[in-house]
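Top line first, the protein sequences correspond to chains A and R. Numbering-wise, the first sequence is residues 1 to 451 according to this note's numbering. Numbering-wise, the second sequence is residues 452 to 720 according to this note's numbering. Backbone N, C-alpha and C fix where the C-beta goes; we use that ideal spot for every residue, glycine too. Input: a single structure, listed below in structure tokens.
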Amino acid sequence: MPDSPMPDNPMPDNPMPETPFFEVVVVGAGPAGSCAATVLARRGVSVLLIERGPFPGSKNMYGGVVYPRILDSLHPEWWEEMPIQRWVTRRSTMVLTENQAVTIDFRSQNWGVPPYNGATAYRPDMDHWLASKAEAAGARLLTSTTVTGLITDARGQVCGVRTDRPDGDVACRMVIACDGVNSFVAKEAGLYPDLNPANFTLGVKETLGLSRSVIEERFAVRDREGVDIEILGGTQGVNGGGFIYTNLDTLAVGVVLKLPALAAQKTRPEEIIAHLKSHPGIAPLVEGGEILEYSAHLIPEAGRSMMPQLTGEGLLVAGDAAAMCLAAGIWLEGVNFAMASGMAAAETAAEAITAGDVSKRGLAGYEKRLNSSFVLADHDKLSRIPGLVLSDRVQHQYPQMIANVVERVFRVDNPQPKPGLRKIFAEERKRAGVRLRDLARDGWTGMRGFG
Amino acid sequence: MIRILVCQKWVAPEGDSRGASHSPADRAALELALHIRDRAEDQTEVIVVSLGGPGALHGLRDSLARGADRALWISGPTDLRSDAVAAAIHSAVSTHLVEIGVPDWVICGDYSADRGSGSVPAFLAAFWDAEQALGLVQVTEHSASSLGAVRRLDGGRRELLSVSSPAVLSVEGSVATLRRATLARELAAATMEISEATAPLGPRETPVEVTAYRPRARMLAAPAGQTALERVRSITDTATAAAHGETVALTPDEAAERILTALRDWGYL
Ligand SMILES: Cc1cc2nc3c(=O)[nH]c(=O)nc-3n(C[C@H](O)[C@H](O)[C@H](O)COP(=O)(O)OP(=O)(O)OC[C@H]3O[C@@H](n4cnc5c(N)ncnc54)[C@H](O)[C@@H]3O)c2cc1C
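Here it is, written out as structure tokens:
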């Protein structure tokens, strides 16, 4: 049985002598878990990475764009090996009304060469690759195994996990929970005070098969270049947004929907995707695509305000399990936040094990690490943005106002002379029922967040 | 010592190791073997054998984790013809596991995950000159040296068999549900020893080309009629076919009789 007690370690060895023992158990082989296990294994800590799926990534879904620069230190030149689909060289933001679309489109060839920026990748490929790196570093990966509970000692310190296998207990010094959104482990440890459905969105996605040449023609890209389109509106009145990402020979088309709004509206998410796909601005892009896959998953959307306690007695929480996904309108980034928090948790755990103190106090360095990295810095800076983006005004009033303004600016109403921009804006603002005071307040919130 | 040999094929769909598996039938074969071992009074050993590329090692480790005692990997191509597969298994077991002699039981899945011919077990029985009971859907009662089984026959019929060792069995997936590995065993299996042999080069399976079903063309006289509509009518017989229909109130027995009479009158029976 793998058991490599570290030299001069003041902590007792296996507290449950009959059960397999690892110094750290990482629950969940998503991006957070695999990066955590890699760091620990490289530090010489014996680590067991437990995944419920038959292989890492088999149970996971996301939109499709990953920003892997955080891997520069862990896997230098990751771009040589990582199984990516396309490098994102075009980013568009679309605002949709029922029959209008305003698009801001940006393209940079700088993003198509190392060290790149964003990439589209399939989760079964990417997660599998990340986990194989952890295994290569010496971590033990145990698949098809679900963690069903935490084992604590008399002092309430986590000292093992229970799994769904026969004789499935594993003893350990500490656990890192990377089990994704709605973390069962963090909840069982009492780290989430309450769970409010309003803090979650439901992400649903269709993977549409189209030939490579059709995708490249429709999206105006070549070779491995790809496109990321984020969409505001087009969700049949349910607060949320949409996205389209290009893979080599498939498109990812999806919507992200605020849970209470979806429940109140009583519309099926697949109907909302179908509606989005039939929008005149979207239909020509997706036409003829064969639905290869349909998937759905929760997103912890409320950022900082919903994060649990990140540290327990013998326990750290990372990635979506700690609600670290950044869902701030034009940014939907979770994988990079998961990888970074997993790595920070592992570094803290390795230090705590060497120091012989895996108590909550001994693990306090984790939050400090996150505070000094982009993970909590970005969340703090953008803490008001998720609320703003999902607010009724941004969702239901501004898109119509913006689209009407643009329509009138470009409309030639001869023999009428061209109206001034200020006049158009004032009229359209009134028509959309937007109060100046609210507009100024939202503008200020946006400036403070994005600025 | 009773020895049960379980033959399994590890199949990776389109060469992707992530979706690789044993067929449900191969899994049932292992469970039946483990079940016989666990209930046997005499000392009993389950040995798993797999022929294929290095991927087969994953399958063998999986079977060791679930409780097999030993494993033998026969390295060789996965597309050998069934007789060559059986010859390779027979020769590898005879030379690498000499102590076994003729195994008491050889248990195989009825089909592999890539849907082979299902004829390997019959060839194995021939090589070992053992009894064979193939295509079993149920194993009723067993001891270490004999068992009762149900075999599926054509036309939905069943055959009850009583088989005694040495024998080769092939089982369908319905025979047993494979147990899960305990956590400790799953971890330990990663470093368990697996014996290795090499398959001699043998004839390969000739790939069968599967195409869409196309009935042969038949010569038919052109339909009569002046207009297209008339010709369609004459082909489909819609206008001339008499509508069969009447409403009657009868007891169930009379109704059944009436339906049969009507079908007979209309020429269906
Ligand atoms: C629709 C949608 C679109 C998204 N789009 C993007 C995007 O484009 N870019 C981006 O960066 N992020 C995106 N995200 C967010 C991103 O997917 C997550 O933030 C990220 O996957 C979090 O990684 P993680 O490792 O924390 O958790 P996960 O990826 O959820 O991994 C958790 C792992 O734990 C395993 N697990 C769970 N419970 C147990 C248990 N009890 N025992 C054992 N194993 C367990 C799971 O099987 C899984 O493998 C999107 C999310 C959704 C839903």
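Compare the Cα-Cα distances from A/G240 to each of A/E351, A/I385 and A/F219 and report the closest residue.
The residue with the shortest Cα to Cα distance from A/G240 is A/I385.
Buried or exposed, going by whether 16 or more other CB atoms sit within 10 Å of the CB of A/N371?
By the 10 Å Cβ count, A/N371 comes out exposed.
For A/T148, would you say it is in contact with chain R, using Cβ-to-Cβ distances shorter than 8 Å as the test?
No, A/T148 does not count as interfacial toward chain R.
In this structure, does DSSP put R/Y664 in helix, strand or coil?
It is coil, neither helix nor strand.
When you measure from the CB of A/A29 to every non-hydrogen atom of ligand 1, does any distance come out below 7 Å?
Yes.
Closer than 8 Å is the cut-off here; do at least three beta carbon pairs connect the stretch 49 to 69 of chain A with the stretch 341 to 361 of chain A?
No, the stretch 49 to 69 of chain A does not touch the stretch 341 to 361 of chain A.
Please classify A/Y366: does DSSP put it in a helix, a strand, or coil?
In the structure shown, A/Y366 sits in a helix (DSSP, three-state: H, G or I).
Does the Cβ of A/T146 lie closer than 7 Å to at least one heavy atom of ligand 1?
Under cutoff, so the answer is yes.
Would you say the stretch 86 to 100 of chain A touches the stretch 221 to 234 of chain A, given that touching needs at least three Cβ pairs under 8 Å?
These segments touch.
So, are the CB atoms of R/L502 and R/S646 less than 8 Å apart?
Not a contact, by the Cβ cut-off of 8 Å.
For chain R, find out if any of its Cβ atoms is closer than 8 Å to the Cβ of A/L257; answer yes or no.
No, because no Cβ of chain R sits closer than 8 Å to the Cβ of A/L257.
With a threshold of 16 other CB atoms inside 10 Å of the CB of A/Y245, please say whether the residue is buried or exposed.
Per the 10 Å Cβ criterion, buried.
Given R/H541, which residues of its chain have a CB within under 7 Å of its CB, disregarding the five upstream and five downstream residues?
L575, F578 and W579, listed in sequence order.
Which runs of the beta strand (DSSP E) spanning at least 3 residues fall entirely within the stretch 81 to 120 of chain A, listed in chain order?
Here the runs fully enclosed are 86 to 96, 101 to 107 and 118 to 120.
Please compile the residues from chain R whose C-beta is within a distance smaller than 9 Å of the C-beta of A/R173.
Within 9 Å Cβ-Cβ: nothing; A/R173 doesn't reach chain R, min ~17 Å.
Taking the continuous beta strand (DSSP E) assigned at R/V457, which residues delimit it?
Per DSSP, R/V457 belongs to the beta strand (DSSP E) from I453 to C458.
Could you check which residue in A/K360, A/N196 and A/S58 has the C-alpha nearest to that of A/P125?
In the sequence on display, residue 125 of chain A carries Asp and not Pro. Looking at the Cα atoms, A/S58 is the closest of the given residues.
Should A/N110 go down as buried or exposed, given a rule of 16 or more other Cβ atoms within 10 Å for buried?
So A/N110 counts as exposed.
Below 8 Å CB to CB, which residues in the same chain sit around R/E592 once its five sequence neighbours on both sides are set aside?
Closer than 8 Å at Cβ, skipping near neighbours: L598 and G599.
Report, in whole angstroms, the separation of the C-beta atoms of R/A543 and R/G653, which I expect to be a contact under 8 Å.
Actually they do not touch by this definition, with Cβ atoms about 12 Å apart.
Tell me the start and end of each unbroken alpha helix (DSSP H) in the stretch 584 to 641 of chain R that is at least 4 residues and wholly inside, in chain order.
Counting whole runs of 4 or more residues, the stretch 584 to 641 of chain R contains the alpha helix (DSSP H) stretches 634 to 640.
What I want to know is whether the C-beta of A/E206 ends up closer than 7 Å to one or more non-hydrogen atoms of ligand 1.
No, since every heavy atom of ligand 1 falls outside the 7 Å radius drawn around the Cβ of A/E206.
Would you say R/V584 and R/L611 are within 8 Å of each other, going by their C-beta atoms?
It should be pointed out that residue 584 of chain R corresponds to Ala in this sequence rather than to Val. No. Outside cutoff.
For A/R165, verify whether its CB is less than 7 Å away from any heavy atom of ligand 1.
Not under cutoff, so the answer is no.
Run the proximity test for R/I540: is its beta-carbon closer than 7 Å to any non-hydrogen atom belonging to ligand 1?
No, the Cβ of R/I540 stays beyond 7 Å of every heavy atom of ligand 1.
Taking 8 Å as the threshold, find out whether the stretch 619 to 626 of chain R comes into contact with the stretch 471 to 484 of chain R through three or more Cβ pairs.
Yes, the stretch 619 to 626 of chain R is in contact with the stretch 471 to 484 of chain R.
Examine chain A for any beta-carbon lying closer than 8 Å to the beta-carbon of R/T633, and answer yes or no.
Taking Cβ atoms only, chain A reaches closer than 8 Å to R/T633, which makes this a yes.
Hey, how far is the Cα of R/A497 from the Cα of R/S533?
Checking the sequence shown, residue 497 of chain R turns out to be Val, not Ala. Cα to Cα, the separation comes out at about 23 Å.
Ordered along the chain, which non-local residues of its own chain (more than five positions away) have a Cβ less than 8 Å from that of A/A16?
The amino acid occupying residue 16 of chain A in the given sequence is Met; Ala does not appear at that position. Result list for A/M16: I151, C159, G160, D169 and A171, in chain order.
What residues from chain A crowd round R/E637, counting only those whose CB sits closer than 8 Å?
The contacting residues are L142, T145 and R165.
Using a Cβ-Cβ distance under 8 Å, would A/E449 count as near chain R?
Correcting the residue identity first, residue 449 of chain A is Gly in this sequence and not Glu. A/G449 does not count as touching chain R.
Closer than 8 Å, CB to CB, is R/R532 near chain A or not?
Not an interface residue.
With DSSP run on the structure shown, which of helix, strand or coil describes A/R361?
Residue state, collapsed to three classes: coil.
Around the C-beta of A/A349, are 16 or more other C-beta atoms found within 10 angstroms, so that it is buried, or is it exposed?
With 16 or more other Cβ atoms within 10 Å, it is buried.
Any Cβ of chain A within less than 8 Å of the Cβ of R/W461?
Cβ-Cβ to chain A under 8 Å: no for R/W461.
Assuming contact is defined by CB atoms lying nearer than 8 Å, are A/E333 and A/Y67 in contact in what I supplied?
Result yes, Cβ atoms of A/E333 and A/Y67 sit closer than 8 Å.
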